[in-house]
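Residue numbers (my numbering): 61 to 136.
Here a beta-carbon is modelled for each residue, glycine too, at the ideal position from N, C-alpha and C.
Notes to accompany the following structure.
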């Protein structure tokens with residue numbers, strides 16, 4: 061369920077940016093099918109760089125953080 065909510069939110073962000081899947085795909089250098097997979101809850105099929113590009117294309121960014129117990133390290 062959480063994956064579906066996240067995927068739905070990605071689609072909302074793209075639509076708010078006024079982009080179709082095809083337009084976003086062209087902008088970030090992947091096929092429309094890859095954008096569709098990401099938006100349908102299969103982000104594991106994409107490289108981190110592709111997801112970062114997706115988020116930047118819709119006006120956001122990506123933060124990667126390592127968490128172990130109380131320790132947090134921002135990686136990107």
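Touching by the beta-carbon criterion (3+ pairs, under 8 Å), the segment 98-116 and the segment 67-78: yes
- prompt: Buried or exposed: which applies to residue 95, given that a residue is buried once 16 or more other Cβ atoms fall within 10 Å of its Cβ?
  reply: Position 35 of the chain shown holds residue 95. Its Cβ being crowded by 16 or more others within 10 Å, residue 95 is buried.
message: In whole angstroms, give me the CA-to-CA distance for residue 76 and residue 127.
response: Translated into the one-based positions of the chain shown, residue 76 becomes position 16. Translated into the one-based positions of the chain shown, residue 127 becomes position 67. Whole-angstrom Cα-Cα distance: 31 Å.
- request: Count the other CB atoms, across all protein chains shown, that sit within 10 Å of the CB of residue 108; report buried if there are 16 or more and exposed otherwise.
  value: Against the chain shown, residue 108 aligns to sequence position 48. Residue 108 is exposed by the Cβ-count criterion.
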